[in-house]
Amino acid sequence: MGFHLSITKKLSVRTILMLTSFVLTFTSVKAQDAKVGEGIFKANCTSCHAIDRQVIGPALKDVDKRWADKGLLKKFIVASQEVIKSGDKYAADLFQKYNGTVMPNHNLSDAELDSLLAYIKTEGDKPAEVAAAPAAGAAAGTDGTLVNNYTIGGLILLIVVLLVVMVVLNRVNGSLDRLIRMKNGEALENFVKVVKEKISNFKWMLRNKKKVFWFLLLFMGAFSVWGWDQMWNINVNTGYQPTQPIKFSHEIHAGLNQVNCQYCHSGAFKSKNASIPSANVCMNCHNYVQATEKYNGEISPEIKKIYTALDYNPETRTYGTNTKPIEWIRVHNLPDFAYFNHSQHTTVAGIACQTCHGPVQAMQEVSQFAPLTMVWCINCHKATEVKSKGNAYYDKLLATHEEIKKGKKVTAAMLGGLECVKCHY
Amino acid sequence: MENNTKKYWKGLEELHQSPEFVKNSKNEFAEELPIEELLSESKVNNPTPRRDFLKALGFGMSAVALAACNEAPVKRAIPYLIKPEEITPGIANYYTSNYNGLGVLVKTREGRPIKIEGNPNDPIAKGGTDAVAQASVLDLYDSSRIKNPMMKGADATWENVDKFVKEALATATNVRIVSNTIMSPSTKLVIADFAVKYPSTKHITFDASSYSGMINANNNSFGKAVIPSYNFDKADVIVSFGADFLGTWISPVEYTKQYVQNRNNKSLEAKKMSRHVQFETILSLTGTNADSRYTHKPSQQGLAVLALYNAIASKTGAAAVAGVSVPFEKIINETANELLNAKGKSLVVCGSNDVSVQVAVNAINSLLGNYGTTIDLDNASYQKQGNDAEMIDFVAEMNAGKIDAVIFYNTNPAYNYAKGAEFAEALKKVKTKVSFADRADETALLCDVIAPSTHYLESWDDVSAKRGVYSVVQPTISPVYNARAAQSSLLVWADATLDYFTYIRNNWEKNVYPQASGFAGFSAFWDAALQTGVVTTTAITPQAYSFNNNLSAVAQTIIAASKNAGKIEVVVYESVGVRDGAHANNPWLLEMPDPVSKVTWDNYAAINPKFAEELGIKENTKVDVTVGTAKLSLPVLMQPGQAMGTIGVAMGYGRTNVGKAGNGVGVNAFPFVTLVNGTFQYFNTNATVTATSEAYELAQTQTHHTYEGRDIIREKSLKEYAHPEKHEGHAEGEGHSKENVDLWAAYPRNGHHHWGMAVDLNSCTGCGACVVACSAENNVPVVGRDEVRRRREMHWIRIDRYYTYESAEGKDITQEKEYNNVENYENVKVIHQPLMCQHCDHAPCETVCPVLATMHSSEGLNQMAYNRCVGTRYCANNCPYKVRRFNWFNYWNDDRFVNFLQDDAAYLALNPDVTTRSRGVMEKCSFCAQRIQAGKLSAKIEKRALKDGDVQSACQQGCPANAIVFGDVNDPESEVSKLIKSDRTYFLLEEINVQPGVGYMTKVRNTIEA
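Residue numbers (this note's numbering), protein chains in the order written: chain A, 63 to 487; chain B, 105 to 1114.
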């Protein structure tokens, strides 16, 4: 049922959307302009402007109404300083109001400017509720999938109660059955016989000691193997996926937007630590990227957390002093007695980040991909060839190495990559 | 191999084979297993009831079970909010700075200083450091520093302090600033500016270990009230009268660098070696390195100097002084001849603070033509500027109630003034007392205000240790506590608007920059100064000065002073680790064994064993030593090499208000310092010693790791070395056994690196800088006095000090039975031998480990995997060099031990690249594996071959004498591979064929042979 329902729901939504767009295309020629304008707006304006709220520059809603002369407005977009210098009072006041922040020049044609203004007008005229709809939908979605501890607890309690009821009913049933049979005149021996039959099962066991022994041995063997395996996996946390203080998605950043790993984890290629980016690195983009389109024109609550940490006020674009560091939770933990250096593996050996960290670019939330056990390290050191070509460090080393002269593949292990002091000191 | 007939011994117990010694040397671990102690909750000596044991056992089991079920632990990672541009987590930054005149590089990790290295650009220390500089980083994090400024014993704000002090100063008519030597030109300017605002201000310089006598003598003799620069490298013959110039005297690191230049391998290969004669009372570090050493009582020192003057004067035609006689006239004459043969290339120095004696020394050096060559009065040293007379006047003024306000900077007279109690009384008469001390020390406690000054790693400053040499002190961390640089405070109180950094910069622009050339502008100059750490201006060519005064008056003073000497004389000396006691709360320094006595965590009354026998003093007891009214109860140390009839006591101990580690360690010997003829004298000729029955065991490491008398020392005279053909036996190296029979296949030694080390016994002075450098680099725990007594010190590198006896005629005593007939233990010779893991190719430790926790690497390292170790200690049993150290406790977290890690902030000084070891595992020198790995990695990243010098071990880098050379033996161009092949090189216990990786280079002595 639910399946059908959801399909119809989706279908209906789609139809409505399609219908609306049809209506829009037919009703207004300007709408076409607005689409072009949207592209221009996103490419040029979003760094400093939003439709219905102030960013660096003013909110652009009703901008056409505020400017008496549309030509002057266009001129202002193309070269704001000229308009200000020309002595237009509104322009000058505007410049004053925004602390003399110079709006850069935009080399746009008149047609493009028209489209842009059309887009701003259509967006500005939209009632607020329309934007709110997807947000509400998203909230509902999260509610539907919510399974909390109370639900699980309740279920367990229910199962326990049902089990108890079952046992009690069974007992009642047995007693009643016996009563009926006794009433019908069955002898007591019959009941004894039933019990004896039950006991004879144990006697079977006694008679077939060998079979029981083999069975038990097998069972114990299996248990030991299982136990051994469990022991080896103590503190192996493959799949560990802690909840981070900020719902940061590597999928969006590394996958969708193709941000290079190094951009944020700048230490990975030069240091022991890959390093978690400091908040100022986030701000390189999130100064502007605020994902407002998803949140009803509000700044994304997750991005806001960066602002809170830095005590950054997006309205005034100023930093305060009430800063609070972000406490991330480490996903990949190596014990203190193991020394691991990222640069040795990335810069020197040329190993891709994904080899150890898995397809991070596809991970919504990062989880531990590799087991990070010593045997995992060792196996890789045994199998991986040393990237010695073009690295003068290895020249002398390789020239004198017997195995290499024989043309064998040189693995990290052959150059001492399995020795204790390479990682433990 | 060459058999050495000479007998070497570490201590009297070894020499006499005392029952205790024999017992302990047979047992690998001196004590029974400490299970009881380990489980007891409070004190180390409480036995554990059975129930507690079961409880602990049960708890342990369940804890392990629980831990095994545990989920992944939540570990937080907190990145910077705004990362400083220059910091990359995981990569160290180095900043140039200056510690007390030594140019240093400060290694910081993630913004915290963790290690001090020498700055090779520094023309004074030339990259060398001493133990004190190495340990200075720990003082930064010392939780005994006060956290806030204090007023009348309570925490205060800087505003209140400033208000209070300014008000007090406004009405003060006599202001004094008392400090130790200030080498900072900018600080001196700040004080001058302060004096402009408060015109009654006078600056008094007081050094606990004073060189006032020398400054005055130079003023008398040559009209220059300075300490000269000495050039030990230009001296072929060095004669020292009690000057411990390799250990504590003026600028020991500088002198060590110079001194070994004529004694190291390079010099020896040219068959050249300087000759060093030492006359002294106590056995000093310098004395242990001398080619010839003679002892005398302190009252004889002046006479000895005069006798030498007479001997030289008689040969040069100068006027002799009358009335001088010393018992060792013959030696003095021989020495005079040697000096005269090296005229202009000789040097006579004296540790006395007596003006008269120093004048006589000046006269000798003048006769020898040493001014302008080995002594440079024009490029003077600013390292010691204390003026005893000013200080004495100041105390008198205080007593007279003439002083209104006094400010103490870097000085602690209530503790280290000769009459501390009298000083404290006088101080009460001063209205306003301010201290810049970083802790509530003995003097600061008596003050109204403590305005804590910053540590040198926290603030800007500058240093000029010599004329024409300037360096900048840079802050490498924000102040750990709420402290403010003393200079900033003075500027605030003087109503100056400049901050101290700008002040220094302006001063440099005005005064230093004009002296430099070749810079595009001041900014470029300043940047260069910060980058190289040092700026030198044109040196003045040193002039020859001649001594033209009459010596007779001086001689009369000296002769008069030598009379009336009692039977027992006392010397107060600076110890190499603790010095004058300013850093007495530093556990690294307290645990560093004294280079000569190997005593840790105490000072003591050093006494010649024969003399002790005469006085009926027994070992492991305390004695009462009385000088005038001062009576101190000190533990006895039997010190071979000490002059008969004398007691030696180290200053700097016995602090009462220095902090957790240093409080109550030892006894304060400053009350023994006396005022004679206007200067402080660090000896007294009339002392009494009474034996007591109070038992006291010093924590002495000297026989803790013994070879049972196996032959591991090689020593030669310069003649034997230079002309081996004339002497019996053959050159070193030829004696190496050629044929090695092995049970094991040889490790392949080609292809990979093979790390090795060469230790030059002739360069090593035994100063102990390597010990502290190693502790800092490798997170070696400090275990405290009790644990050292139990032979559980954890140092990865130790310096074995061997005595050998020489008869009065200079002949070696070779037979054991002859020792019973020796007259006294004055004539001992000493050899220092640094010992760390030898990284044997056929290491005995590796074969006995049941869990393979220690094994060999393809690069020649003897590896130690702490996590595999289960603590059987077989390896330590089987190590012929006794270099393995066992963690009997979790020293890092056990509050029963004095450990710096238990300090609130001191764990910040840990090296994050090295694991801290836990209880129950063995540890030892790793050849600084972390540095090897880091060196190789940077070569790999830069795609280049590893160069010699890319990897330096911590001990090598810290050594002021370049005695330790580390590197790749497989690299034929490396220094170490060349040294290993030197004919002086031998390996310890090579006869047992463990194939050690550390080569030792024979000690050579430039002795005069009979």
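Every residue, glycine too, gets a C-beta built ideally from N, C-alpha and C.
* **chain B residues whose Cβ lies nearer than 7 Å to that of Ile488 (chain A)** => Missing from the structure shown is residue 488 (chain A); chain A here goes from 63 to 487 and no further.
* Could you please give me the residues that DSSP links to Lys820 (chain B) through a beta bridge? => Residue pairing of Lys820 (chain B) in beta bridges, as defined by DSSP: B:Val1108.
* Closer than 7 Å, CB to CB, is Cys344 (chain A) near chain B or not? -> Cβ-Cβ to chain B under 7 Å: no for Cys344 (chain A).
* Own chain residues within Cβ distance below 6 Å of Arg379 (chain B), not counting five before or after -> Residues Val341, Asp395 and Asn1110 of the same chain have their beta carbon placed closer than 6 Å to that of Arg379 (chain B), with the five preceding and five following residues left out of the count.
* Rounded C-beta distance between Arg905 (chain B) and Lys114 (chain B)? I'm assuming under 8 Å. -> Your pair Arg905 (chain B) and Lys114 (chain B) checks out as a contact, with CB atoms roughly 7 Å apart and the cut at 8 Å.
* For Val932 (chain B) versus Ala659 (chain B), is the C-beta distance shorter than 7 Å? -> No. Outside cutoff.
* For Phe431 (chain A), is the classification buried or exposed, using 16 other Cβ atoms within 10 angstroms of its Cβ as the cut-off for buried? -> Phe431 (chain A) counts as buried, since no fewer than 16 other beta carbons sit within 10 angstroms of its beta carbon.
* Please classify Tyr909 (chain B): does DSSP put it in a helix, a strand, or coil? => Reduced to three states, the DSSP call for Tyr909 (chain B) is strand.
* At a CB-CB cut-off below 8 Å, which residues of chain B make contact with Ala371 (chain A)? -> Under the 8 Å cutoff, chain B gives Leu185.
* Asked: So with Cβ pairs under 7 Å, would you call Gly351 (chain B) a contact of chain A?
  -> In terms of beta-carbon proximity, Gly351 (chain B) stays away from the interface with chain A, with every pair separated by 7 Å or more.
* Enumerate in chain order the residues of its own chain whose CB-to-CB distance from Tyr315 (chain B) is below 7 Å, with the five nearest sequence positions on each side excluded. => So the qualifying residues of the chain are Ile331, Ile354, Asn457, Lys488 and Gly490.
* To do: Could you please tell me which residues of the stretch 390 to 414 of chain A, in chain order, have their CB closer than 7 Å to any CB of chain B?
  => The residues in question are Trp390, Ile391, Arg392, Asn395, Asp398, Phe399, Tyr401, Asn403, Ser405, Gln406, Thr409 and Val410.
* Asked: Below 8 Å, can you find three or more Cβ-Cβ pairs linking the stretch 293 to 304 of chain B to the stretch 317 to 335 of chain B?
  -> The answer is no - the stretch 317 to 335 of chain B does not touch the stretch 293 to 304 of chain B, with fewer than three Cβ pairs under 8 Å.
* Could you tell me which of A:Asp155, A:Ile146 and A:Lys151 sits nearest to Asn167 (chain A), measuring between CA atoms? => Nearest C-alpha to Asn167 (chain A) among A:Asp155, A:Ile146 and A:Lys151: A:Ile146.
* For Ala417 (chain B), which residues from the same chain have a beta carbon less than 7 Å from its beta carbon, with the 5 sequence-adjacent residues on both sides left out? -> Ala423, Ala424 and Leu471.
* I think Gly327 (chain B) touches Val459 (chain B), with their Cβ atoms under 8 Å apart; what is that distance to the nearest whole Å? -> The Cβ separation is near 14 Å, so there is no contact.
* Cα-Cα separation, Ala411 (chain A) to Ile901 (chain B) -> Approximately 35 Å between the Cα atoms of the pair.
* **Length at least 4, wholly inside the stretch 297 to 356 of chain B: the alpha helix (DSSP H) runs in chain order** => Listed in chain order, they are 316 to 326.
* Answer with buried or exposed for Glu190 (chain B), where buried requires no fewer than 16 other C-beta atoms within 10 angstroms of its C-beta. => Label assigned to Glu190 (chain B): exposed.
* Residues in its own chain within less than 8 Å of Ala202 (chain A) by CB, not counting five upstream and five downstream? -> Because the pLDDT of Ala202 (chain A) is 38, which lies under 50, any placement of that residue in the model is unreliable, and the number read from its coordinates should be weighed accordingly. Annotation for Ala202 (chain A): no residue places its beta carbon closer than 8 Å to its own, counting only its chain and skipping 5 residues before and after.
* **Beta-carbon gap between Trp630 (chain B) and Tyr604 (chain B) smaller than 7 Å** => The answer is no: Cβ separation not under 7 Å.
* Asked: Between the Cα of Phe345 (chain B) and the Cα atoms of B:Glu373, B:Asp337, B:Phe310 and B:Gln382, which residue gives the shortest distance?
  -> For Phe345 (chain B), the nearest C-alpha among the options comes from B:Gln382.
* Identify the continuous alpha helix (DSSP H) that holds Met293 (chain A) and give its terminal residues. => Start and end: Lys271 to Trp294.
* With which residues is Pro739 (chain B) paired in a DSSP beta bridge? -> Partner(s): B:Lys726.
* To do: Assign Leu594 (chain B) to one of two classes, buried (16 or more other C-beta atoms within 10 Å of its C-beta) or exposed (fewer than that).
  => When all chains shown are included, Leu594 (chain B) counts as buried.
* Output the boundary residues of the beta strand (DSSP E) element that contains Tyr677 (chain B). => Run containing Tyr677 (chain B): Ile672 to Tyr677, per the beta strand (DSSP E) assignment.
* Buried or exposed by the 16-neighbour rule on C-beta atoms within 10 Å, applied to His404 (chain A) -> His404 (chain A) comes out buried.
* Could you tell me if Met898 (chain B) is buried or exposed, where buried requires 16 or more neighbouring beta carbons within 10 angstroms of its beta carbon? => Around the CB of Met898 (chain B), 16 or more other CB atoms lie within 10 Å, so the residue is classed as buried.
* Any C-beta of chain A sitting closer than 7 Å to the C-beta of Pro188 (chain B)? -> For Pro188 (chain B), not one C-beta of chain A is nearer than 7 Å to its own C-beta.
* Can the beta-carbon of Ala400 (chain A) be found closer than 7 Å to that of Cys485 (chain A)? -> When the beta-carbon positions are compared, Ala400 (chain A) and Cys485 (chain A) come within less than 7 Å of each other.
* Per-residue DSSP class, three states only, for Ala709 (chain B) -> DSSP places Ala709 (chain B) in strand when its eight states are reduced to three.
* Taking only beta-carbon atoms, is Val892 (chain B) less than 7 Å away from chain A? -> Taking CB atoms only, Val892 (chain B) has no neighbour in chain A less than 7 Å away.
* Decide if Ser582 (chain B) is buried, meaning its Cβ has at least 16 other Cβ atoms within 10 Å, or exposed. => By the 10 Å Cβ count, Ser582 (chain B) comes out exposed.
* Assign Lys471 (chain A) to one of three DSSP states: helix, strand, or coil. => DSSP places Lys471 (chain A) in the coil class of the three-state scheme, outside both helix and strand.
* Asked: CA-CA distance, Gly479 (chain A) and Asn441 (chain A)?
  -> Using only the alpha carbons, I get a separation of about 10 Å.
* Whole angstroms is fine: what's the gap from Ile308 (chain A)'s alpha carbon to Met425 (chain A)'s? => One alpha carbon belongs to Ile308 (chain A), the other to Met425 (chain A), and they sit about 15 Å apart.
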